[in-house]
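Numbering (this note's numbering), first residue to last: 2 to 303.
Here the structure comes first, spelled out in structure tokens, and everything after it is commentary.
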């Protein structure tokens, strides 16, 4: 840049300023100014969680380059660091919002061998087509598992119908005796949309080399009993769950008097090992006891 002409240097500086304008955000600058968490700790330790949380509009707009940079730096760190402690789950929400990332097309094939289990999330297939027009199908085609959530998107339903494939119906002709084969789709696009209707809590999981699964995505606050999770103060519970929670909380706070245990005493003719534990008890005498003389036997038995 020092030897560049005025026009060239100005263009380079303006390009750098445009690409790094997210550094002007005070919150981002404060986080990046100093950190106590090296990225290689994500691979060598199992007690660390690194989370970047931001509004969805910020992830799609001013923070998109920062998310892109953090994702790539994490991938490069896992490739460079040789020490490994299990698998690290890497969740990337709003995957198309980062824009086209060449690192994704390379890292997804080798991320597992480096210790990363990558989970990418996208709203629909159309967004992936816009960002990755040539390789969008590889994200779902080469994945170990894809979770297809509720959708009304036509392209998404059609693509899922193609992935599910076809099945053959066999019928025997009762007159001629030979078999008739008819090929139909496992689920056409309309059936996929009806099954994945928003609010139905249905989902379809396609797996590499295995049959697809039709499952229920039931929220924990509906499926679990109240004593299995803590109440969220920002969300109200139904009357029945509030009543049940209050009943169990009342009984859990009831104090129970512990049962007193009786210490067993052992008798031994051996002296204790520690003389300090010896307690001299006073001799117990019974004033009402009648003394017995030595020669108390009857005369006829002497």
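By construction, the Cβ of each residue, glycine as well, lies at the ideal position given by its N, Cα and C atoms.
Fair warning: this is a prediction, and the values are worked out from it, not measured in the lab.
Throw me the rounded Cβ distance for the residue i and residue j pair, which I believe falls under 8 Å.
{"i": "residue 123", "j": "residue 96", "result": "5 Å"}
{"i": "residue 118", "j": "residue 93", "result": "Not quite, the Cβ-Cβ distance comes to about 12 Å (not below 8 Å), so this is no contact."}
{"i": "residue 151", "j": "residue 197", "result": "5 Å"}
{"i": "residue 167", "j": "residue 186", "result": "5 Å"}
Under the DSSP definition of a beta bridge, which residues are partnered with residue i?
{"i": "residue 117", "result": "89"}
{"i": "residue 244", "result": "Residue 244 pairs with nothing; no bridge assigned."}
{"i": "residue 125", "result": "DSSP, once it has assigned bridges, lists no residue as partnering residue 125."}
{"i": "residue 203", "result": "217"}
{"i": "residue 184", "result": "169"}
{"i": "residue 211", "result": "208"}
{"i": "residue 23", "result": "The partner list for residue 23 (beta bridge, DSSP) is empty, contrary to what the question assumes."}
{"i": "residue 149", "result": "205"}
Please report the distance separating the alpha-carbon of residue i from that of residue j.
{"i": "residue 18", "j": "residue 60", "result": "19 Å"}
{"i": "residue 158", "j": "residue 13", "result": "45 Å"}
{"i": "residue 179", "j": "residue 134", "result": "47 Å"}
{"i": "residue 234", "j": "residue 53", "result": "23 Å"}
{"i": "residue 241", "j": "residue 226", "result": "11 Å"}
{"i": "residue 41", "j": "residue 109", "result": "19 Å"}
{"i": "residue 25", "j": "residue 104", "result": "25 Å"}
{"i": "residue 199", "j": "residue 236", "result": "21 Å"}
{"i": "residue 62", "j": "residue 78", "result": "26 Å"}
{"i": "residue 265", "j": "residue 48", "result": "Low per-residue confidence applies at residue 265: pLDDT is 49, beneath 50, and the placement is therefore not dependable enough to give any value."}
{"i": "residue 195", "j": "residue 223", "result": "23 Å"}
{"i": "residue 191", "j": "residue 209", "result": "24 Å"}
{"i": "residue 230", "j": "residue 244", "result": "15 Å"}
{"i": "residue 216", "j": "residue 107", "result": "31 Å"}
{"i": "residue 149", "j": "residue 221", "result": "19 Å"}
{"i": "residue 125", "j": "residue 249", "result": "43 Å"}
{"i": "residue 86", "j": "residue 114", "result": "12 Å"}
{"i": "residue 81", "j": "residue 46", "result": "15 Å"}
{"i": "residue 35", "j": "residue 29", "result": "11 Å"}
{"i": "residue 218", "j": "residue 212", "result": "18 Å"}
{"i": "residue 171", "j": "residue 246", "result": "54 Å"}
{"i": "residue 129", "j": "residue 143", "result": "15 Å"}
{"i": "residue 31", "j": "residue 66", "result": "17 Å"}
Quick one: using the 10 Å Cβ neighbour count with 16 as the cut-off for buried, is residue i buried or exposed?
{"i": "residue 205", "result": "buried"}
{"i": "residue 228", "result": "exposed"}
{"i": "residue 21", "result": "exposed"}
{"i": "residue 44", "result": "buried"}
{"i": "residue 116", "result": "buried"}
{"i": "residue 16", "result": "exposed"}
{"i": "residue 75", "result": "buried"}
{"i": "residue 111", "result": "exposed"}
Does the Cβ-Cβ distance between residue i and residue j come in under 8 Å?
{"i": "residue 352", "j": "residue 181", "result": "Past the edges of the chain, shown from 2 to 303, lies residue 352, and the structure says nothing about it."}
{"i": "residue 90", "j": "residue 120", "result": "yes"}
{"i": "residue 132", "j": "residue 101", "result": "yes"}
{"i": "residue 68", "j": "residue 99", "result": "yes"}
{"i": "residue 184", "j": "residue 169", "result": "yes"}
{"i": "residue 23", "j": "residue 58", "result": "no"}
{"i": "residue 38", "j": "residue 51", "result": "yes"}
Please report whether the beta-carbon of residue i lies at a distance below 8 Å from any beta-carbon of chain C.
{"i": "residue 228", "result": "Protein chains in the displayed structure number just one, and chain C is not present."}
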